[in-house]
Amino acid sequence: MSDWKPEWKSEWKSEWAIDSWKSLEAQQQPDWPDRHQLGEICQRLASYPPLVFAGEVRALKRNLAQVSQGHAFLLQGGDCAESFNDFNANTIRDKLRIMLQMAVILTFGISKPVIKVGRIAGQFAKPRSSPVEEQEGCELPSFRGDSINDSEFSAEARRPDPNRLERSYFQSASTLNLLRAFTGGGFADLNQLHTWNQDFVANSPQGQRYAAMATHLGDALRFMSAVGIDSSTTPILSHVDYFTSHEALILEYEQALTRQDSMHGGYYDCSAHMLWIGERTRQTDGAHVEFLRGIRNPIGCKIGPQVSPDELLRLCDCLNPRNEPGRLTLITRFSHTRIASSLPPLVRAVQREGRSVVWSCDPMHGNTFSIGSYKTRDFDHILSELQQFCAIHQAEGTIPGGVHFELTGDNVTECIGGSMDLRAEQLCERYETTCDPRLNAEQSLEMAFLLTEMLHKKQPDKGADAS
Ligand code: PEP
Ligand code: CO
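Count the sequence shown with numbering that gives the first Met the number 0 and you get residues 0 to 466, in order.
Pasting the structure below:
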């Protein structure tokens, strides 16, 4: 490996240090009024315990390597932005539960392990399309997520406050603590499949479809138990691996949580198992790519319609110079109208150059629009982007490895459509997101069922006559 050279030599930046990102431009950073205070808080954060461990991070990377080869499937999802107000045991449980339900539907449907990665326990900071917001002639800094400022529209609330970074650390620690208890302490036991169906979903068509599948699986589990395979003999039946992820946006925070692994030597960002770079911060000569290229975690990179094949290959070289399977997940988010023209040239370039990546589809962020004052998304647009994603990969002979959703286990009214036929005039009923609109529990279950159907479509024979 020592004589290995990247293909894009002119772009190659050899020296990485935990703070080498500081000499480069970082997009989407808050204008901290007191940088001295920020420094003090980050110093404290750097002395606190890590939130995740390097061994877990390596396990996720191994799982994602399986995804890149088509032996497993990635399900990533959760809130657009976590919030300080909506922080209690029930919401954490419900966010986990909907992901477990979707994962069971997918595992049952596609007969592959499903790697579960929450947008949770750290997803607090948001990139914004404008640094300022105007209301009735008054202009203030935009809300950038609870780890930075407050959504209330006042000068005081919108002032970036680094104490919020510390608060997000503690909220993430507490969230992870409960997630670890749920996933290891019986809640995630496959014998509990029926109890995961929440009351308000249970009577809906999707809830009933889920219940029928759970009954079916319950029969299989009882059979297995009769032949001696149950959670006492096979602990995997009662335990789930649930990984955490967030957008690595505030680099001071990420640096403070980055630790050198005492056993293997590399640096790991221990704020989450997986970190991703957003569509607005993925410049190859920018601070975010610089920071993330040096940590050993699995990395996601959002890819929108502006990226060219060359730029994408440069990103692959920067972020995954050794072409390590499982290291890099490309999360495409084009919109249902642009994916057909945008995705194939990128897939071909990555394929031609032999780059190992996980292709994941974020069908949410290209499909946002407004109805009145509500930002929303249409279930049909989300579904269409997903269907095209699967069909394009199937046609190109590449692997549709995963999905990335904004969703919640609650009964919210934020995205329109689905078989529940949520209408525009219902958006006002339970519109609770602090940022982008999420699929609710019923829409999420329906999406999982539809996804299994798409993933089942057979790959065309590459040599076959198209006519
Ligand atoms: C997000 O995932 O919430 C987000 C802002 O996505 P993107 O960077 O793709 O716009
Ligand atoms: Co979002």
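Positions of the beta carbon are idealized from the N, C-alpha and C atoms, including for glycine.
Please read these numbers as outputs of a predicted model, since none were measured by experiment.
Asked	Found
Local Cβ density within 10 Å of Ser46, reported as buried at 16 or more and exposed below that	exposed
Cβ neighbour criterion (16 or more within 10 Å) applied to His193	exposed
Buried or exposed by the 16-neighbour rule on C-beta atoms within 10 Å, applied to Tyr130	It should be pointed out that residue 130 corresponds to Pro in this sequence rather than to Tyr. The residue is exposed, with fewer than 16 neighbouring Cβ atoms inside 10 Å.
Any non-hydrogen atom of ligand 2 within 7 Å of His380 CB	no
heavy atom of ligand 2 below 7 Å from Cys300 C-beta	no
Bridge partners - Ile119, DSSP secondary structure assignment	Ser244
CB contact flag (Glu278, Lys301, <8 Å)	yes
Alpha-carbon to alpha-carbon, Thr257 and Tyr266	7 Å
Runs of beta strand (DSSP E) wholly within the segment 243 to 326 (minimum 3 residues, chain order)	257 to 259, 266 to 268, 273 to 276 and 298 to 302
First through last residue of the alpha helix (DSSP H) which encompasses Lys60	Ala53 to Ser67
Rounded C-alpha distance that separates Val116 from Pro29	27 Å
Residues proximal to ligand 2 by C-beta, any heavy atom closer than 5 Å	Cys79 and Asp435
DSSP-derived helix/strand/coil call for Ser359	strand
Same chain, Cβ closer than 7 Å to Gln386, five either side skipped, listed in chain order	Met453
Beta carbon of Thr331 nearer than 8 Å to that of Phe290	no
Spatial distance of Cys315 from Glu424 (CA atoms)	44 Å
Under 8 Å between C-beta atoms of Val402 and Leu74	yes
Closest residue to Val411 among Thr397, Phe404 and Gln442 (Cα-Cα distance)	Gln442
Cα-Cα separation, Val356 to Gln254	25 Å
Three-state secondary structure assigned by DSSP to Phe152	coil
Check whether Leu274 and Ala247 have beta carbons under 8 Å apart	yes
Top-ranked residue by Cα proximity to Ile17, from Gln197, Ser128 and Gly293	Gly293
Gly277 Cβ short of 7 Å to ligand 1 heavy atom set	yes
CB contact flag (Ser167, Phe222, <8 Å)	no
Beta-carbon separation (whole angstroms), Phe333 vs Leu342, contact threshold 8 Å	7 Å
Exposed unless 16 or more other CB atoms sit within 10 angstroms - verdict on Gln65	buried
Reduced DSSP category for Val239 - H, G, I as helix; E, B as strand; rest coil	coil
Sequence-distant residues of the same chain with beta carbon closer than 6 Å to Asn319, five excluded per side	Arg326 and Leu327
Touching by the beta-carbon criterion (3+ pairs, under 8 Å), the segment 229 to 237 and the segment 173 to 193	yes
Rounded straight-line distance, which links the Cα of Ser13 to that of Phe181	42 Å
Residues bridged to Leu438 [DSSP beta-bridge criterion]	Leu406
Ile370, DSSP secondary structure in three states	strand
Supposed contact pair Leu99 and Trp20 - C-beta distance, whole angstroms, cut 8 Å	With 8 Å as the limit, Trp20 and Leu99 do not qualify as a contact, their Cβ atoms being about 36 Å apart.
Glu165 versus Arg143 - alpha carbon distance	16 Å
Spatially closest choice to Gly371 from Glu413, Ala88 and Phe448, by CA coordinates	Glu413
Contact set for Glu81: own chain, Cβ-Cβ below 6 Å, skip 5 residues either direction	Gln122 and Phe123
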